[in-house]
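Here the protein sequences line up with chains W and C, keeping their order. Going by the numbering used here, the first sequence opens with residue 598, and the numbers climb by one from there. Going by the numbering used here, the second sequence opens with residue 49, and the numbers climb by one from there. These notes concern the structure reproduced below.
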Amino acid sequence: MKTYNLAALLVGVPLLMAFSIPLFGFISKQLAKWITVLTLGFEFFFGLYIFFWHIYPFNVIMGNWVPPFGENLYIGPFATVLIILVSFVGLMISIYNLWSANHGDVVHFALLFLMFVGGSIGLISTGDIFNIFIFMEITGISSFALAAYGPERRALGGAFKYLVISSIGSTLYLFGVLLIYTQLGTLNIAEIAARISQTTSGLLTFAGILLVAGLAVEAELFPFNGWVPDTYTGAVNPVSATLSGIGSVGGIYVLFRILMTVFGKDGNFVSTYGNMDLMALVAILGSATVVIGELSALVQKNVKKMLAYSSMAQMGLVAIGFSIGSKLGAYAGVFQLVNHSIAKAMMFLILGVIVSFGIGEHIEDMKGLWYKSPFLTLAFTIGALSLLGLPLFGGFWSKFALVDASIQRGGWYDFVIAIVLFASVVEAFYYLRIVGYMFTSKPTSTDKIKVSISPAVPIVAFSILIVAIGIFPQIVGGISWNAAHELTDKMGGYVLNVIPTIVGH
Amino acid sequence: MIDFLQNWIYLTGSMALVGIGLYIVLTNTNIFRIIVGLNIIDSGTNLFIVTIAWHPKSVMPIYTATNNLVVNGHVISADPLPQSLVLTAIVIGLGTTALALAIAVKIYQKYGTLDVRKIKEEDR
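Quick look at the structure:
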């Protein structure tokens, strides 16, 4: 067991800075926004340091209480890649916010944003199943308030819907946690994972269903994703980017940490303990999410709503990838998660720039964008092509791995291949329709859109990253493979790294 | 009957509260009533957390000269951990309720109604 207690700063610094932002806000509003940039920059470079110096996997042990007696943070390869991802997307959106957040209560917007990203990083790194609930509520409460921010009144309805569904979801999650606690008397993920076979099978299944139902709300899986379209459409664009680029990452992480590490039964393909294979349940939910999300996106005329439904469908693809249960499947899931959150965050930011120049969100309004702003059009095209999985863009490698993994699994996963390909075709149809409008039609007015430096930086960075991943997939591939190993080999990959002396049952 | 009540009333009661709360949330169209329903769900959860730590003959989990925690090799004290968890859960529930009420006030200012259906119609 390796310990590296300095990494507690990963969770501590954003929360500390978030609550001191009102103090900086007294000095100047601009300073408050720059504090978010600096803090998330610190997080990002700390993540890169952990990655490149190969410090992971390690534990952070609070107050010298060794797990399972004390609370710990565990940062393995999976947590490392997601911390880098979340802090990178957060950093980029905070740079964008320097330009975009200038109406209303800017200082508290910065506070909530930093709290949301800090909570997500805590959610990803914690090693205690009840702390997951606490971090879920930290991200939850800050994201309800973020979703309600903005001049438009439709934001309020979306935020309220999200609040109701999400609080019921986290209550269900809490019930599941407590049912496991009554069986094993511990809340440490590693100890529960090692002793999960000692529980009553029926109760474990019930707890598992409650956990899946609670976590599927954040992970945007059908039928718990009714909030997605309203909330994403209502919120201001940086908030939609945050929710789809960061919020869903945390949800998916916890869902599969619970299913594969805690409930997982090792084998060629990971399945779960209990009367029912919960991985199969999630595979069914994921497939339904893909089909419903893509078909709903197809008929939308509002680009933002289309992106919201497409976000749902992509999370379904991620869930299918993990639920295959093999190493390749988990690899595909992690890779697809990275690709999706980069591309979708970028597209929401681009839409934000477009809307700020008085062009609407309707699909007809996209006509002739190429003549107004070649830069935004190219970036949007790169994002769209990556999402639908064209070679030379990031999304190709993850969808390729997903199809490959389903073929290896065989059986009824052959059906999954059909769904992935179907999704790609439908996605191609509606994304290429927008891209086609952008390039071909002549605009009615030829006012040029002049993008200033602060929103241009994140868009350029995201599009370079997408193309770079497409050409050199090993940038993300290597660590995704380690993450897949951590998920599929539960004793060697997780439990023994946290509690070296424990014996699996 | 008394035995049954002593052992199960809190457990069934907490489940019933959650059920009532879910029913209220699902069937009402008034935002204020939905918030009340969320609160009832929260109360049910909190009662459940306390209940799993407790049984009718348990003693307090503090070791003193007269308070034996272990009798004949069986632990008879209440479990202190869920009682500390419930504090966290109560505070989180309070925070969510406060935020929900704040959003409800904003909705009433912008739409002039708290009926979910009317809000949906106005958005069209």
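Don't be surprised by glycine CBs; every beta carbon is placed ideally from N, CA and C.
DSSP places I1050(W) in the uninterrupted alpha helix (DSSP H) bounded by 1050-1068. N785(W) has D725(W) as its beta-bridge partners, per DSSP.
Within the segment 142-153 of chain C, contact with chain W at the beta-carbon level (separation under 8 Å) is assigned to G143, T144, L147, A148, I151, A152. Contact between L895(W) and F1026(W) holds, since their C-beta atoms are separated by about 7 Å, short of 8 Å. Chain W places no beta carbon closer than 8 Å to that of Y111(C), leaving this residue out of the contacts. Identification of residues in the segment 721-742 of chain W having a C-beta nearer than 7 Å to some C-beta of chain C yields F727, I731, E734, I738, F741, A742, given in sequence order. Pairing L776(W) with G957(W), the inter-Cα distance amounts to about 49 Å. The beta carbon of F52(C) does not come within 8 Å of any beta carbon belonging to chain W, so the residue lies off that interface. Taking C-beta separations shorter than 6 Å and ignoring five residues to either side along the sequence, the partners of I1076(W) in its chain run P674, V678, following chain order. Bounds of the alpha helix (DSSP H) holding N1079(W) are 1071-1085. DSSP, reduced to helix, strand and coil, places V825(W) within a helical segment of the structure shown.
Distance between V686(W) and P611(W), taken at the CA atoms: about 15 Å.
Judged by their CB atoms, W824(W) and I762(W) are nearer to each other than the 8 Å cut-off.
Proximity of the segment 1046-1057 of chain W to the segment 968-983 of chain W meets the contact definition, three or more beta-carbon pairs being nearer than 8 Å.
Inclusion of A756(W) and T839(W) in the CB contact set at 8 Å is not warranted, their separation being larger than that value. Residues of the segment 837-864 of chain W whose Cβ lies closer than 7 Å to any Cβ of chain C: none. The segment 988-1007 of chain W makes contact with the segment 925-939 of chain W, as at least three CB pairs between them are under 8 Å.
Contact residues of the segment 85-113 of chain C toward chain W are L86, I89, D90, T93, F96, I97, I100 (C-beta to C-beta distance below 8 Å). Three or more Cβ pairs closer than 8 Å define a contact, and the segment 878-893 of chain W meets that threshold against the segment 905-919 of chain W. For I652(W), there is no enclosing beta strand (DSSP E), as DSSP marks it with neither H nor E. The residue among Y693(W), N728(W), N694(W), T736(W) with its C-alpha nearest the C-alpha of M712(W) is T736(W). Between G847(W) and E817(W), the CB-CB gap reaches or exceeds 8 Å. When CB distances to chain C are screened at a threshold of 9 Å, not a single residue of the segment 1021-1034 of chain W falls below it. For a Cβ distance threshold of 7 Å, residue set R751, G754 of chain W lies close to D171(C), ordered along the chain.
Neighbours of Y159(C) in chain W, taken as residues whose beta carbon is under 9 Å from its own, are R750, L753, G754 in chain order. Taking a contact to require three or more Cβ pairs closer than 8 Å, the segment 869-882 of chain W and the segment 793-811 of chain W qualify as touching.
When secondary structure is reduced to three states using DSSP, S125(C) falls in the strand class.
Sequence-distant partners of G141(C) (beyond 5 residues in either direction) whose C-beta falls short of 6 Å from its own C-beta, in its chain, are D90. Any Cβ of chain W closer than 8 Å to the Cβ of L133(C) would place that residue at the interface, and such an atom is present. Its chain contains Y829, F945 as the residues whose beta carbon lies nearer than 6 Å to that of S837(W), once the 5 sequence neighbours on both sides are disregarded; these appear in chain order. For I68(C), the enclosing alpha helix (DSSP H) starts and ends at 50-75. Between A676(W) and S722(W), the beta carbon gap of about 5 Å places them in contact (Cβ cut-off 8 Å). I889(W) sits close to F819(W), with the two beta carbons spaced by under 8 Å. The Cβ atoms of G69(C) and I88(C) lie closer than 8 Å to each other. By a beta-carbon distance limit of 8 Å, S923(W) contacts A1002(W). Their separation comes to about 6 Å.
Taking a Cβ-Cβ threshold of 8 Å, the residues of chain C close to T768(W) are V66, I89, D90, T93, in chain order.
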